[in-house]
Each structure stands twice: as structure tokens, then as C-alpha cells.
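Asks: Residue numbers 4 to 628, in this note's numbering, belong to the letters of the sequence shown in order. Sharing a structure here in C-alpha cells format.
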Amino acid sequence: MLFVASIENQRPTILISEKSPMKNIILVGKPNSGKSLLFNQLTGMRQKVANFPGVTVELKSGKFDEYKLIDYPGTYSLKSLSKDEELAIEKLHEAMHSDDTSLIVCNLDATRLERSLVFGLQVRDLAFKHNKGVIFALNMIDEVQRFSHHIDTDKLAKDLGCAVYALSAKTLIGLHEFKLGLIDAAKHPQDFIPNKTNDTQTTVLEISRELSARYGIKADVVLKQQNSIDNFLLNSVFGGLIFLTIMFLLFQSIFTWASPLMDAVETAMTELAILSSQVLPAGVVNDFVSDAMFGGVGSFLVFVPQIMVLTLIIGLLEDSGYLARAALICHKPLSYFGLSGRSFIPYLSGHACAIPAIMAARTIESPRKRLITMMTIPLMSCSARLPVYALLIAVLIPDTQYLGGLINLQGITFFILYFIGIATALLVSTLLTKMTDIDKDKAEMPFILELPTYRLPHWKPLIHRVLTSAKQFIRRAAPVIFMVSVVIWVLGYFPENGNLQSSYLASIGQWIEPIFEPLGLDWRYGVAILVSFLAREVFVGALGTLFGIEGADENIAGLAANIQQDGLALGAGIGLMLFYVVALQCVATVATIKGETGSAKIAWGLFVGYGLLAYFLAWIAASLI
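The following block contains the structure:
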């Protein structure tokens, strides 16, 4: 099924690694054909793979044997439909002229052979003109076999005039044979120069249709099952209800499904804290390990399972093919706010991390909608906010359970916080739309979106994605939290060895306390908020360190109880949550917005604007509740 959207002339940035003495193997193919997963399997790089068009918006490179394999953005034709495709095609032509290019690998979707061959034949002809070797990777052969269909690759190779390898990058069928063939072709590219060409676009279309009819699986066989499911999932009534249910369960699962893993990590950290206190002699070193290490750094590790669960659920939606349907469902409602259905994918990705989500917005054809999407993505509650939400919810919201524990009040609160972020983004999008000239959009192309076939997610790449997200979060957050925790501990412990009220940190806190006093927060929360502008998750570590220094049981299990005992007011706590929903507390995100928009004014304007709005909402909550 094919659905369509728009574009204009803001050229996206395509990144390519520095020139290498190694010969290059170019990997090309249409979007959503398993190309990026094939790239990952060949290079060992865990590049993000998603089952929706437009996931590859950069040139990715990695080492394969003695060669550099370069993954080009997915394109449907050498005649571009978007600026992303235009730039990708331009880079492909440059690669064809380069002596560094040893071989072209064209990835074909075995389930949609006709559409893949249109681009494949064009690439073949282009390679012939430039005397470059070409081989075809007939990917997703497992899906074809699932329908009991067989493709004669020997005959197809003869008709194409190029070597063809049937494989599945997901199940690894035929991958070993393909690797061996790829190495041989790269070493002897002259033996793989195509021996057939086509001169016109019409001929290419006719040949692709003919070859697809001869070798490909019948479209009605593939679409029969897909359409029967889509008739239900894309229904004007039931489709919307199913979408809302899935989104609710997504955010509910972050709290409920992750709880056993969180408890396990919490127990492990508690035992380690007890063990370290018993082993180390009493004094400064013991206090440092207990307060700074376990109270600060250890406190955010508890929330890693929530990030893993979020990544798992989004991965299931992507790999199954539902995410593209969700984008289609959201297109009409998002259009009321000046956005495109394609904005949904960056928005959802923004709940994991804003940086790749902002980059994913490059696939939005309309420059105006692309810019608005980029500017509002920071309002999506990213994984860095999870530790903050989880801590404050544990402090303020009782663990009331419904439906036998399937749903609880804390999970509902989680959903509400995410919903507030989304609602705020839509309101801001509406305001920005009214402030911009929409006349340019009138001449744009309609909304295009290819709906992939439904597939069962493969556990191996999914698990790798989940583990990678956890590693990246820890790798990114741990050093910052460690440094901040050490600084806070030193300033809070001295000069009187643990007396927080007379410490250097207290003196600094008194200077900033008037800023946060209207929000119902004392200087400790003010310090934690300020340092969290380095990274939001630092907030939890900072509070863990501060409350540890204060003499409470510094283990992670007691942090929420310590805050409750300290008497955090409900209004102040809710205001604090609203503050973190809206505030742009990520320097890396600001830098990414500046890089993608080319405007420091926009980036820092968002930083200040969202900060002031967050402060105002927190003040309202503290005043009224």
C-alpha cells in the first residue's frame, strides 16, 4: 500500500566518514528493504534498524573484511522524490566516478520485487556506464519462503546479467554464502560488470514488471493477509482506539513490566552498599563510597530497566510493521497542528532520545513541518527523564493497583506526564504554524508512506538493540553523574565532615534558593536542578548524594522514603515533574538543533523559552495545589 506527503528545498546533511585507504563497497536499495540490517550483519555495527521508510538518512560506514562498506540512504528511483533522495543520488553518482569504489551491492526486497527492481535496474545500468561491478542481494527471502514460494536466483541472475544471492539478514539464511560471494566480487570487480543495460525509464519499468511476474511472489498473496489486518488496524473507529490502547500500554509497561528488574538492581545495589560499608573503615572514604558512589551514581542505575523496556516495546512496534501504520493513523490529526504523519516517527523516537529523533525529522519533506517537528521534539519525554519521573512518582503517588496489578496508579501518572509533553508539543506546533507562512506548502507533493508487510520481529537484533540502549545510556550518563556527584559530595561534606547545613554547598545553595523558593523547593532541589542542565538524569544522582550526606540511609531503596520524610509538598512535587516535562535540559540536544537548523538563535531560543515555560508551570502547580 502506498500513501503520499511533501518537500521543499532545505537540503539535509549527509554525513560520511573520513577518506580511507581501503576500497569502498557501496550498499544501496529502496527504503524498508532490510538494507540497514544487512549492513549491520556485515559490519557488526549495531546501527538502528526500523521497519518504516526513511530510517537511513546518513551515510553509515563500517569495515567488512578488507573493505569499507558504506550504507547509502534508501531511495526508490534515480529520479528523486525528495531532497533526501536527491542528495543520496548525487552521492551515488560521485561514488560511481570514484576510483575508491570497488563494488556496488544493490539490496532487493524479495517480497516486493517489482518495486525493488525499478531502482535495481537503474543502478545496474549506471554501474555499466561507469564500468563498476554489481551484485544483487535478494533480501527477506525468509518472508517469501513463509508463503511457500521459491525464486530461481540462477535464472534471475541470467536475466539481470548480474550475480544474485538469496538471503535473509534477519534469520541469516544464505548470509554466509553471500559474504563469500561479496568478498570474491570485491576482489575481482571487473568480473561482475553488468552485461545488459536499458536506455529508458519505460524499459526499466517494463522489465521490472516482467521479471517480477516471472520470479516474484504474487502481490495478492502478500497483500491478502496484510489487507485483512489493515482493515481492522486502520479502521476509522477501531484503528484509533487500538492506537490509543497501544500507546497507553506502552507507557504503562515502563513502570509495571520494569518493576521486577528494577527491584533486582535495587537489591543488588543495596547489598553492595552494605558490603562496602562493612569492608571499608569508618571515615571519609567510607562516606564517599556510600554517599557519592551508591547514593549518587548507583541511584540512576535502578532506572536502566525502564529504558530497556521502552526500547523493547518501540522495537516491537517498528519490527512488526505497525509503526508505519501508526504514522498513517496520526497523519490527519497531526495535520490539524501543522505537522505531517511523518512527524509521528521522530516524536515516538524522541521518547528514547531527542538527538536521533531530531535527525530522523530530515525525512519530512516540507521544510516548515520539518523545522516545527525539530523544535518540538525536545518536549517528548526522553529516557533521561525516566529516572526523574520514576523517583518523583514513587515519592508522590501511591502504588494503587487495578485489574489484578496489570494497571497501577503510578503507571497512569507516567502516561499522563508523557501525554502532557505531547500535548504541549502540539500546542507549540500550532502556535509556530500560525506564525509561519504556509503558502509554500500548497504546491508540495502529497503525503507518501509505504506500508511494509507485517513481520514477526526477530529476537536477536531486538535484544541487541535493547542492550545497546542500556549501554549507551550508562556510557553517556555515568561519567557526568560521577563527576557531578563527586563535586556535590565534596562541597556538601566539607568543611565539617558531613554537616550539610554548614557546608560549602549550603552557602552556594543560599544564593540560588530565592529562585526556587516560589516553586516550594529549598536549595537542595535548586542545586539538583541546576546541575541537571548538564543531563537530566543527574538530578536523581544529585539528590541521592545530598540526602546521603544528610545522614539518611543512603541506599537507593531509601531515597524516595527520605524525600517523603523530608516533607516534599504535593504541589511542589507536581510542579517539579511539570518542570522536567517541559524544560530543555540537554546541551547535546541544543547542539543538535543548532546543527540541523543552522541557527544558534533557534536552538538557544528554545532553551530559554522552554525553561521559562517550565518555571511558570511549576510555579502554578506549587501555588494552586
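Cβ atoms here follow ideal geometry from the backbone N, Cα and C, with glycine treated the same way.
(1) Using beta-carbon positions only, say whether Met-383 and Gly-414 come within less than 8 Å of one another.
(2) Since Ser-506 and Leu-494 should fall inside the 8 Å C-beta cutoff, what is the C-beta to C-beta distance between them, to a whole number of angstroms?
(3) Just reading off the alpha helix (DSSP H) that Val-611 is part of, what are its end residues?
(4) Less than 8 Å between the CB atoms is what I'm expecting for Glu-146 and Ala-113, so what's the real figure, rounded?
(5) Tell me whether Gly-32 sits in a helix, a strand or coil according to DSSP, three-state version.
(6) Apply the 10 Å Cβ neighbour rule to Val-534 and answer buried if 16 or more other Cβ atoms are within range, or exposed otherwise.
(7) Taking 8 Å as the cut-off, decide whether the C-beta atoms of Ser-119 and Lys-33 are in contact.
(8) Would you call Leu-522 buried or exposed, if buried means 16 or more other Cβ atoms sit within 10 Å of its Cβ?
(9) Please confirm whether Ala-387 and Glu-274 have their CB atoms less than 8 Å apart.
(10) From the DSSP output, which residues share a beta bridge with Gly-136?
(11) So which of Asp-68, Thr-314, Met-25 has the shortest CA-CA distance to Lys-474?
(12) With a threshold of 16 other CB atoms inside 10 Å of the CB of Thr-206, please say whether the residue is buried or exposed.
(13) Tell me whether Lys-631 sits in a helix, a strand or coil according to DSSP, three-state version.
(14) Which of the three DSSP states is assigned to Pro-56 in this structure?
(15) Taking just the CA atoms, how far does Gly-242 sit from Ile-332?
(16) What is the C-beta distance between Ser-215 and Glu-117, in whole angstroms, given that I count them as a contact (C-beta under 8 Å)?
(17) Please classify Tyr-405: is it buried, with 16 or more other beta-carbons within 10 angstroms of its beta-carbon, or exposed?
(18) Using a Cβ-Cβ cut-off of 8 Å (strictly less than) and excluding sequence neighbours within five positions of Leu-178, which residues of its own chain qualify?
(19) Mark Val-58 as exposed unless 16 or more other C-beta atoms lie within 10 angstroms of its C-beta, in which case mark it buried.
(20) In whole angstroms, what separates the C-alpha of Leu-620 from that of Tyr-421?
(21) How would you call Val-167, buried or exposed, if buried means at least 16 neighbouring beta carbons within 10 angstroms?
(22) Given that a residue counts as buried once 16 or more other Cβ atoms are within 10 Å of its Cβ, and exposed if not, what is Thr-403?
(23) Label Trp-462 either buried or exposed according to how many other C-beta atoms from any shown protein chain fall within 10 Å of its C-beta, with 16 as the threshold for buried.
(24) Have a look at the DSSP bridge pairing and note the partners of Asp-74.
(25) Compare the Cα-Cα distances from Arg-115 to each of Ala-426, Leu-549, Arg-212 and report the closest residue.
(26) Distance, Cα to Cα, Ile-316 vs Leu-253?
(27) Grouping DSSP H, G and I as helix and E and B as strand, with all else coil, what is Tyr-350?
(28) Below 8 Å between beta carbons: does that hold for Lys-94 and Leu-124?
(29) Taking 8 Å as the threshold (C-beta atoms), are Thr-104 and Ile-29 in contact?
(30) Measure the alpha-carbon distance for Lys-66 versus Gln-567 and round it to whole angstroms.
(31) Should the region 585 to 604 be regarded as contacting the region 345 to 354, the criterion being three or more beta carbon pairs within less than 8 Å?
(32) With three or more C-beta pairs closer than 8 Å as the rule, is the region 365 to 373 touching the region 563 to 579?
(33) Give a yes or no on whether the C-beta atoms belonging to Arg-345 and Leu-237 are separated by under 8 Å.
(34) Which residue marks the beginning of the alpha helix (DSSP H) containing Cys-333, and which one marks its end?
(35) Whose C-alpha, out of Glu-69, Ser-80, Tyr-75, is nearest the C-alpha of Ala-188?
(36) Just verifying my parser: in three-state terms, what is the DSSP assignment at Val-305?
Replies: Here's the rundown:
(1) no
(2) 6 Å
(3) 603 to 627
(4) 7 Å
(5) strand
(6) buried
(7) yes
(8) buried
(9) no
(10) Leu-106
(11) Thr-314
(12) exposed
(13) Nothing can be reported for residue 631: it is not among the residues displayed for the chain, which extend from 4 to 628.
(14) Residue placement at Pro-56 is poorly supported in this model, since its pLDDT is 44, which falls under 50; the coordinates still yield a value, given next. Reduced to three states, the DSSP call for Pro-56 is coil.
(15) 8 Å
(16) 4 Å
(17) exposed
(18) Gln-44, Leu-170, Ser-171, Ala-172
(19) A caution first: Val-58 carries a pLDDT of 46, below 50, which makes its placement in the model unreliable, though a value can still be read off. It is buried - the Cβ of Val-58 has at least 16 other Cβ atoms within 10 Å.
(20) 15 Å
(21) buried
(22) exposed
(23) exposed
(24) Leu-30, Lys-63
(25) Arg-212
(26) 7 Å
(27) helix
(28) no
(29) yes
(30) 53 Å
(31) no
(32) no
(33) no
(34) 325 to 338
(35) Glu-69
(36) coil
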